[in-house]
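With the sequence shown counted from 1, adding 278 to any position gets you this note's numbering.
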Amino acid sequence: MDGIGGPEMVLVFIIVLVLFGGNKLPDFARSLGKTMREFKKAAAGVEEEFKRAMEEDERKKNTALLPPPAATTPAAEPATPYEDPHHYQYDGSYDAGPNAPDATPATDPASAATAAPAAAPADAPVPSPAATPVPDVPVATVEPKPAVPAAAPAETAAKTA
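Printed below as a string of structure tokens:
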């Protein structure tokens, strides 16, 4: 049986019409609707209660399976600040800048350049003279290769003559 179909519903409607009559049929349908609504509310309440009980059982099972919480961990030690051994902390013990009392004037760059070679020790290596260009050596030039082969100009000359 697949349930109540169209012909079965017509048969039930005819039986109800014969039993209750046409005058009481609207009152019967109204009371039937109220009863069905109350039944659905009660069924939904039972279903909700069943779901709540199942979820509570699941929670109890899960808490029983979980390991007990670990002992409280000790508080973490405060972090030590990073210390850079090569960092110099300015303590304000000297003044810097052009208005400083110990400021000395800068030397002339030209006089500093001439004084630097004189101050160099005698054992210092001498720079190589190959770094300077030699004026007596002619510079070789490279001629570009022709784009057309050598035989081609002779052929073109023969064609034009």
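C-beta atoms are modelled at their ideal positions from N, C-alpha and C, and glycine is treated no differently.
Check: Report, in whole angstroms, the separation of the C-beta atoms of F317 and F306, which I expect to be a contact under 8 Å.; Outcome: At roughly 16 Å, the Cβ-Cβ gap does not stay under 8 Å, so F317 and F306 are not in contact.
Check: What's the C-alpha gap between A322 and M332?; Outcome: 15 Å
Check: Kindly give me the distance between the Cβ atoms of L303 and L295, rounded to whole angstroms, as I take these residues to be in contact under 8 Å.; Outcome: 7 Å
Check: According to DSSP, is G281 helix, strand or coil?; Outcome: coil
Check: Hey, how far is the Cα of T351 from the Cα of T341?; Outcome: 21 Å
Check: Ignoring anything shorter than 4 residues, give me the alpha helix (DSSP H) runs that lie fully in the stretch 301–343, in order along the chain.; Outcome: 303–343
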